[in-house]
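Residues in the sequence shown are numbered from 496 upward in steps of one, following the numbering used here. Ideal Cβ placement from N, Cα and C applies to all residues, glycine included. Note that this is a predicted model, so its numbers are computed, not measured.
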Amino acid sequence: MSNNSIDLYIKNGFILTMNPGMEILRPGALAIRGDSIVAVGPEKELQGMEAGAGKILDVQGGIVLPGLINAHTHAAMTLFRGLADDLPLKTWLEEFIFPSEARYVNPDSVYWGTLLACAEMIRSGTTAFADGYFCPDGVVKAVDLSGMRGLLCQGVVDFPAPGVPDPAQNVLEAERFVEKWAGYSSSIHPGIFCHSPYVCSTETIRTVKEICGRRRVSFFMHAAETGEERSLIKYRYGKTPIHYLDNLQVLDAQTVVIHAVHVDSEEIEVLARTGTAVAHCPESNMKLASGIAPVVEMLNKGVLVGLGTDGCASNNDLDLFKEMDTAAKLGKIRYLDPTVMDARTVLRMATLEGARILGLEKEIGSLEVGKKADIIILDLNQPHLVPCYDPYSLLVYSARGADVQSVMIGGRMVMENKKILTFDLDEVMDQVRQISMEIVTKK
Ligand SMILES: [Zn+2]
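If you want it as structure tokens, here you go:
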């Protein structure tokens, strides 16, 4: 390989590869050509590549790791950050969120709300995410501009929704969305998000799953989130949410169940047997007092579990560093065992396991030759990050999203020294402030 073929050579890194051997390289180097990693290893082995590289980046001992992956959010809900807090899920959803969405969610507001979310995610080290929302063309437009990677799903509910006033058209619209964006770019992947078993009928769920199977796209659904939902589904259908969905043959390796808080051992066996993945959103579950998901049992039984923030109306931020810290500590509290949900496990959930949830494990989630160059760099030269005995502990328990210095996605720098390069952040914040004024005055 000629040195001239290297576009970027990153050196002097404290590299956490997150590869199967969890290899750490210090000092480590990375060589990037186009959108991919072509070499990663100890600096002394890669030094020969430096001379002919198009650009050299000396990260001065900073931590270099794969971009974090958010397994579940509703990006545009940044519009409703802090609008209705400290309420039970049912009241919050039915009296505040659904009515606000009906009035204020449109392609334009979704575009600006999603861009704000992208800014927040990039600034806190997230490079890819799974989204479920309405007016998703606006989501695609925003994510495309931001440079992020997304598995972007059209939201489906059985009542009039933004962009789909006639619920009889909801499934058709979702299929149209998937058809429109399939193959659009290597960064944007469409999917469908059926909101939940309590707002989608059996027929809707079955039909959406059939479309997802036929078009080979992911199916996302909130399920087993609260005890109330568990009782309601049991009352309506005679089965708990997971058994109900299993009975509908919805559970398989292309399905992601979001939350799975109220599941027993038998239901965890069902998730494991069917290869169904789970998006664990601990801060949302805490804020809505939904409960604590039995993540350790899921992991022990081989269920794939990724980490999500959920939307900003129930979190109220998109910082996966905070989410990792919470996931680790909440897991310990559930089991009253400080050894479970250790820092390495949690960081894997936010990287490699997240990539598997997005179906992109061959492309992202670790720093390995042939994978896309989705890389984040943290500056360790800060009081709360000194000293460093174990980088995984440091990242999960001490670091914050704001410690991320630079972010690269597919070989393209999208944030350098904390400045977003792909769009005008001030304009985005102004636009969302204006939309929020309208929401407040017309509420
Ligand atoms: Zn959600």
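The Cβ-Cβ distance between Met-819 and Ala-845 falls below 8 Å.
Proximity of the segment 729-740 to the segment 708-721 meets the contact definition, three or more beta-carbon pairs being nearer than 8 Å. Counted as a single uninterrupted DSSP element, the beta strand (DSSP E) harbouring Gly-686 occupies residues 683-689. Taking the Cβ of His-757 as the reference point, every heavy atom of ligand 1 lies at 7 Å or farther away. Nearest Cα to Gly-906 within the set Pro-515, Lys-550, Asn-507: Lys-550. Around Val-634, the same chain offers Ala-570, Ala-571, Val-605, Thr-609, Asp-626, Tyr-628, Leu-647 as residues with beta carbons nearer than 7 Å, after the five sequence neighbours per side are excluded. Ligand 1 never approaches His-775 closely enough for any of its heavy atoms to be under 7 Å from the residue's Cβ.
An exposed status is given to Thr-834, since fewer than 16 other beta-carbon atoms sit within 10 Å of its beta-carbon. Remark: C-beta atoms of Ala-566 and Ala-838 do not approach each other more closely than 8 Å. Shown here for Ile-510: same chain residues with a beta carbon closer than 6 Å to its own, the five before and five after excluded, namely Leu-520, Gly-523, Val-559 in chain order. Sequence-distant partners of Tyr-887 (beyond 5 residues in either direction) whose C-beta falls short of 7 Å from its own C-beta, in its chain, are Ala-838, Arg-839, Leu-842. A straight-line Cα-Cα distance of about 43 Å links Val-673 and Asn-507. In this structure, Phe-654 lies away from Cys-689, with their beta-carbon atoms at least 8 Å apart. Annotation: Pro-515 is outside any beta strand (DSSP E) and is labelled neither H nor E by DSSP. In this structure, the beta-carbon distance from Met-793 to Leu-825 does not fall below 8 Å. If you draw a straight line from the Cα of Ser-691 to the Cα of Leu-875, it comes to about 42 Å.
The segment 853-871 and the segment 585-593 do not touch, with fewer than 3 CB-CB distances between them shorter than 8 Å. Runs of the beta strand (DSSP E) lying entirely within the segment 723-764 and spanning at least 3 residues, in chain order: 750-754. Relative to Met-513, the option among Pro-561, Cys-630, Gln-542, Cys-776 whose CA is nearest is Pro-561.
Distance from the CA of Arg-768 to the CA of Pro-789, rounded to the nearest whole angstrom, comes to 17 Å. Val-927 and Gly-543 have their C-alpha atoms roughly 48 Å apart.
A distance of 8 Å or more separates the beta carbons of Glu-856 and Thr-821.
In the three-state DSSP reduction, Phe-816 falls in the helix class (H, G or I).
Separation of the CB atoms of Ser-901 and His-879 is rounded to 19 Å, and the pair is thereby denied contact status at 8 Å. A distance criterion of 7 Å places the beta-carbon of Ile-687 beyond contact range of ligand 1, judged by its closest non-hydrogen atom.
Cα atoms of Ser-682 and Met-643: separation of roughly 7 Å, rounded to the nearest angstrom.
Taking 7 Å as the cut-off, the C-beta of Asp-626 does not count as close to any heavy atom of ligand 1. Relative to ligand 1, the nearest heavy atom lies less than 7 Å away from the CB of Asp-805.
The beta carbon of Ile-753 sits closer than 7 Å to at least one heavy atom of ligand 1.
A residue is called buried when at least 16 other Cβ atoms come within 10 angstroms of its Cβ; Arg-731 does not meet this threshold and is exposed. With contacts defined by Cβ atoms closer than 8 Å, Ile-532 and Leu-525 form a contacting pair. As DSSP reads the structure, Phe-624 sits in a beta bridge with Asn-565, Gly-645. With distances taken between CA atoms, His-684 lies nearest to Leu-853 out of Asp-885, Asp-925, Arg-598, Leu-853. The beta carbon of Ala-755 lies closer than 6 Å to those of Ala-719, Val-773, Ala-788 in the same chain, with the five residues before and after it left out.
Taking the CA atoms as reference points, Leu-503 sits about 21 Å from Arg-618. As the crow flies, the alpha-carbon of Ser-861 is around 43 Å from that of Val-935.
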